[in-house]
Amino acid sequence: MKIIIDTDPGQDDAVAILLALASPEIEVLGITAVAGNVPLELTAKNARIVCELAGRTEVPVFAGCAAPLMRPLVTAEHVHGRTGLDGPVLPDPQMPLQDAHAVDFIIDTLRAEGPGSVTICPLGPLTNIAMALKKAPDIADRIARIVLMGGAYFEVGNITPAAEFNIYVDPEAADIVMKSGVPLTILPLDVTHKALVTKERNDAFRALGTPVGIAVAEMTDFFERFDREKYGSHGAPLHDPTVIAWLLNPDLFTGREINVEIETRSDLTRGMTVADWWRVTERAPNALFIGDLDAEGFFGLLTERLARY
Ligand code: BDR
Ligand code: CA
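This is the structure we're talking about:
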């Protein structure tokens with residue numbers, strides 16, 4: 189399966205990239221960075237740090253949009269630290285950033301590859317993806333599926349009471365993606381808050397004894413602090429790796445084909461994912477909205493793949 193990972197690393201983004209690069213079922217055509225958890229310069233740097241940690245310097249990394257379509261950037265250093273990848277001490281990347289803009293790479297790749305053969309995996313705000321769809325509407329029909337981490341329903345928000353961070357940062361971009369007609373799978377907080385790195389799971393990463401295993405343990409140690417202090421949670425939620433795990437084994441997840449729309453007008457509920465979970469409207473389903481996962485199966489898969497490094 190060919191994929192493009194669009195990302196704002198982020199410790200959980202980093203684990204998602206490591207999971208994808210360790211999985212032979214997946215061919216990562218490129219990694220596109222977007223501004224989100226930290227500014228673009230840092231997300232583009234962190235994506236390359238992660239590729240080097242994985243020993244995969246041939247994977248091309250592109251920088252994309254530095255700010256949301258219509259709003260100033262909101263970042264999340266309070267969660268991810270100043271660098272976005274606080275926790276492990278990892279060397280600055282030596283591999284180059286590609287010259288092309290991420291949006292052009294996405295468009296050119298979709299036009300060059302067979303129709304329906306490339307899956308897009310957004311792990312941050314949807315700015316790059318919306319820009320590509322606006323600039324080249326013909327690509328919508330060529331995307332196999334967009335599998336994204338974002339939104340919330342029962343779990344409501346983590347950046348405001350109503351909204352999840354990725355959707356909140358660029359709600360206009362999310363609105364474009366929801367209305368694109370591309371098949372969508374959405375991994376919301378409802379699922380990712382069940383993918384918690386408990387002490388035992390963190391110990392299992394560290395026990396791998398490899399640079400990757402130790403770095404993942406240190407990343408999730410750092411990331412855990414915020415959720416414990418803020419929500420009393422028992423472990424760091426591994427939001428973004430659920431996207432890659434769904435590609436590898438969708439049977440670990442359950443969800444519903446429903447209508448999902450994005451609130452773009454209200455200041456109070458900006459970026460809310462209005463998910464018609466109970467199908468109380470006539471609005472046509474536009475997404476597979478995931479509601480639950482088999483956490484043991486998820487961590488079993490993740491740890492087994494990380495052990496391959
Ligand atoms: C999402 O926001 C970021 O902080 C994480 O990387 C994840 O993509 C969770 O709301
Ligand atoms: Ca992310």
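Residue numbers (our numbering): 189 to 497.
Where a beta carbon is used, it is the ideal one built from N, C-alpha and C, also for glycine.
Contact the segment 272-291 vs the segment 238-249: 3+ CB pairs below 8 Å: yes
Stretch pair the segment 307-322 + the segment 423-442: three plus CB contacts closer than 8 Å: Remark: three or more beta-carbon pairs, one from each stretch, lie closer than 8 Å, so the segment 307-322 and the segment 423-442 are flagged as touching.
Coil, strand or helix - H422 by DSSP: coil
DSSP three-state assignment for T231, whether helix, strand or coil: T231 falls in the helix class under three-state DSSP.
Whole-angstrom distance between F441 and A340, CA atom to CA atom: Distance between the alpha carbons of A340 and F441: 16 Å.
Quiz: which residues have CB nearer than 6 Å to ligand 1 non-hydrogen atoms: Listed along the chain, these residues meet the criterion: G198, D200, D201, N225, A264, V267, L311, G312, M337, N346, E352, F353, N354, H427, D428.
Option nearest A320 by Cα separation, candidates V335, E301, P349, H289: Nearest option by C-alpha distance: H289.
Option nearest D455 by Cα separation, candidates T220, A254, V357: V357
Cα-Cα separation, A332 to G275: 35 Å
The segment 353-370 / the segment 378-385 touching (three or more Cβ pairs under 8 Å): Contact between the segment 353-370 and the segment 378-385 is absent, because fewer than three Cβ pairs lie under 8 Å.
Cα-Cα separation between R496 and A210, rounded to whole angstroms: 7 Å
Buried or exposed (CB count within 10 angstroms, at least 16 for buried), F342: exposed
T461: CB within 8 Å of a non-hydrogen atom of ligand 2: no
Member of S305, L278, N354, L257 whose CA lies at the smallest distance from the CA of N186: With the chain covering only 189 through 497, there is no way to say anything about residue 186.
Cβ-heavy atom distance, T408 to ligand 2, below 8 Å: no
The alpha helix (DSSP H) enclosing F393, as first and last residue numbers: 387-395
Neighbourhood of D480 by C-beta, 6 Å cutoff - its chain only, sequence neighbours within 5 removed: Excluding five sequence positions before and after D480, the CB atoms of its chain that fall closer than 6 Å to its own CB belong to T442, given in chain order.
Cβ neighbour criterion (16 or more within 10 Å) applied to S305: exposed
Selected residue, minimal CA-CA separation from I446, among L435, A475, A433: A475
Alpha helix (DSSP H) runs contained entirely in the segment 242-312, provided each spans 4 or more residues: 265-268, 290-300
Alpha-carbon spacing of N437 relative to I214, whole angstroms: One Cα belongs to N437, the other to I214, and the distance between them is close to 12 Å.
Expected contact under 8 Å - CB spacing of G198 and H268 to nearest Å: Between G198 and H268 a beta carbon distance of about 6 Å is seen, short of the 8 Å cut, so the two are scored as contacting.
Segment limits, alpha helix (DSSP H) that includes A362: 359-366
Exposure label - G369; buried when at least 16 CB within 10 Å: exposed
Option in I432, L494, R471 with minimal Cα separation from M189: Looking at the Cα atoms, I432 is the closest of the given residues.
Terminal residues of the beta strand (DSSP E) in which D428 lies: Here D428 belongs to no beta strand (DSSP E), and DSSP marks it neither H nor E.
Coil, strand or helix - D439 by DSSP: D439: helix per DSSP, three-state reduction.
Presumed contact (8 Å Cβ cut-off) between I347 and V448, rounded CB distance: Between V448 and I347 the Cβ distance is about 18 Å, and since that is not below 8 Å, they are no contact.
Check: D196 C-beta below 8 Å from any heavy atom of ligand 2: yes
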